[in-house]
Amino acid sequence: MHPNLSAASLRGEKAGIIVLYNMEAVKTLTEFIIERQADFKYAKGELTRLLSDISIAAKIVNREVNKAGLVDILGEADSVNIQGEAVQKLDVYANKQFIAALTAGNEVCALVSEEDEDIIHISNNGNDVGKYVVAFDPLDGSSNIDSNVSTGTIFAIYRRVSLSGPAELDDFLQPGTELVAAGYIIYGSSSMLVYTTGRGVNGFTLDPSIGEFCLSHPDMKIPKSGKIYSINQGYFVHFPKGIKQYIKYCQEEDEATNRPYSLRYIGSMVADFHRNMIKGGIFIYPTTAFSPTGKLRLLYECNPLAFIAEEAGGKASNGSKRILEVQPECIHQRVPILIGSEDMVTTAEEFIAQYSEVPTS
Ligand code: AHG
Ligand code: MN
Ligand code: MN
Numbered sequence: 005m006h007p008n009l010s011a012a013s014l015r016g017e018k019a020g021i022i023v024l025y026n027m028e029a030v031k032t033l034t035e036f037i038i039e040r041q042a043d044f045k046y047a048k049g050e051l052t053r054l055l056s057d058i059s060i061a062a063k064i065v066n067r068e069v070n071k072a073g074l075v076d077i078l079g080e081a082d083s084v085n086i087q088g089e090a091v092q093k094l095d096v097y098a099n100k101q102f103i104a105a106l107t108a109g110n111e112v113c114a115l116v117s118e119e120d121e122d123i124i125h126i127s128n129n130g131n132d133v134g135k136y137v138v139a140f141d142p143l144d145g146s147s148n149i150d151s152n153v154s155t156g157t158i159f160a161i162y163r164r165v166s167l168s169g170p171a172e173l174d175d176f177l178q179p180g181t182e183l184v185a186a187g188y189i190i191y192g193s194s195s196m197l198v199y200t201t202g203r204g205v206n207g208f209t210l211d212p213s214i215g216e217f218c219l220s221h222p223d224m225k226i227p228k229s230g231k232i233y234s235i236n237q238g239y240f241v242h243f244p245k246g247i248k249q250y251i252k253y254c255q256e257e258d259e260a261t262n263r264p265y266s267l268r269y270i271g272s273m274v275a276d277f278h279r280n281m282i283k284g285g286i287f288i289y290p291t292t293a294f295s296p297t298g299k300l301r302l303l304y305e306c307n308p309l310a311f312i313a314e315e316a317g318g319k320a321s322n323g324s325k326r327i328l329e330v331q332p333e334c335i336h337q338r339v340p341i342l343i344g345s346e347d348m349v350t351t352a353e354e355f356i357a358q359y360s361e362v363p364t365s
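Listed below in structure tokens is the structure:
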């Protein structure tokens, strides 16, 4: 948390007396983006608007996620709610909300969403006019909704490469090294938006009392090493040999390297990644016998988090090379991923190399 911020100062309270909200201590996301827009390479105003549109959609989705427990009272998914509107599953709802937010301005010409098979074109009089394309996972970890466990949204912003007309596949098939901005929102015990435009990573906590994301984690850095490994160990028998050996290494006793490590696996990549960003750790979703190219998607799960990890001093690999250097071949491509603290990812890569595991993507 920022040294000038305390929960009490955010609420504007002092020794039980309500005082004015401490505007000097609080920097909102909107203020921060505007201050930083001089750093953007191109279309400064448009990227500012785009990030701001994303934050508005995030607040709306956050409101719905927080109401999820009331669904039995307000109506089941696929039924009709009290206003006569169809109640939607939250991942469908989040998808629609982000599409609506990203369509509202003229900054984006096309979208790729985990929930839609094809590219979504955003046309203005038959022209895709926006300069940016966005790939996103509207609700990550959505199977956790029913059990009150954190979920998230992940987004990746690229500049379009086609010159005019409808956006093309190639606008999305850019390696992560071409990312202009990326971020995630975590809907958790408090909700946060974390993003980078390639000049460090900053985190903002939603203050529900004023409905603003406020800078709480400036210039985030992931510890060089940590004590947490995150992997679905239930699939151990299906993992490649190098990953099995790395897991055994994590469980061995060794004082010098602080082992054995702790295993933490939420099942929401955003939440697992975010915890590891703060505390240090590694998250792995490897190839498995039943997912030979891994499970997670390159464009809207792995690349954006890899960009953030690297900007925070961490590392993201497919086992043998940087995630950001993987050339995408299709919009819903899957890749194996090892992401988090630099030293831990390097050690895991060494195990993979030693057991000659060649990533299949
Ligand atoms: P999504 O909810 O967007 O489909 O993503 C779920 C992903 C990711 O968040 C998580 O880390 C992983 O799936 C969990 O998969 P397993 O249940 O196979 O471990
Ligand atoms: Mn996901
Ligand atoms: Mn999802």
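Plus 4 on top of the position in the sequence shown (first one is 1) and you've got the working numbering.
The beta-carbon is built from N, C-alpha and C at its ideal position, and this holds for glycine as well.
Model, not experiment: these values are computed from the prediction.
- In this structure, the C-beta of D144 approaches ligand 3 to less than 8 Å from one of its heavy atoms.
- Here F176 really is in contact with A139; their C-beta atoms are around 6 Å apart, less than 8 Å.
- Proximity of the region 233–247 to the region 200–216 falls short of the contact definition, fewer than three beta-carbon pairs being nearer than 8 Å.
- Within the same chain, R301 come within 7 Å of H336 by CB-CB distance, once the 5 residues on both sides are set aside.
- Counted as a single uninterrupted DSSP element, the beta strand (DSSP E) harbouring V137 occupies residues 136–144.
- In this structure, DSSP gives L328 a helical state, which the three-state scheme calls helix.
- A185 is the residue among A185, I247, L143 whose C-alpha sits nearest the C-alpha of T52.
- If you look at L106, you'll find it in the alpha helix (DSSP H) that goes 94–108.
- Assignment of L219 by DSSP, reduced to helix, strand and coil, places it in the strand class.
- In the structure shown, the three-state DSSP call for F240 is helix.
- Below 8 Å, too few C-beta pairs join the region 199–207 and the region 136–155 to call them touching: fewer than three.
- Ranked by Cα distance from V30, the options D211, I58, D174 are led by D211.
- Shown here, F159 sits in a strand according to DSSP, grouped into three states.
- A buried status is given to V116, since no fewer than 16 other beta-carbon atoms sit within 10 Å of its beta-carbon.
- According to the DSSP assignment, Y253 belongs to the alpha helix (DSSP H) that extends over 245–255.
- Using a 10 angstroms sphere on the CB of V65, the tally of other CB atoms reaches 16 or more, which defines it as buried.
- When the five nearest sequence neighbours on each side are left out, no beta carbon in the same chain lies closer than 7 Å to the beta carbon of S168.
- Within its own chain, the residues whose Cβ lies closer than 8 Å to the Cβ of K299, once the five positions on either side in sequence are excluded, are Y289, T292, R338, listed in chain order.
- DSSP, reduced to helix, strand and coil, places N70 within a helical segment of the structure shown.
- In terms of Cβ geometry, L183 and I58 do not form a close pair [threshold 9 Å].
- Going by beta carbons, I226 and G317 fall inside the 9 Å limit.
- Going by C-alpha positions, I158 is about 26 Å away from N128.
- Where K319 is concerned, the enclosing beta strand (DSSP E) starts and stops at 319–321.
- Closest in alpha carbon position to E333, among D174, Y359, G187, is D174.
- The C-beta distance from Y188 to V274 rounds to 5 Å, short enough to fall under 8 Å.
- When the Cα atoms are used, I190 and E68 turn out to be separated by approximately 13 Å.
- Residue environment for E111: buried (at least 16 other C-beta atoms within 10 angstroms of its C-beta).
- Beta-bridge partners of I123 (DSSP): none assigned.
- Judged by DSSP secondary structure, A185 falls outside any alpha helix (DSSP H) and instead within the beta strand (DSSP E) spanning 185–191.
- Rounded to the nearest angstrom, the Cβ distance from A310 to G180 is 6 Å, consistent with a contact under 8 Å.
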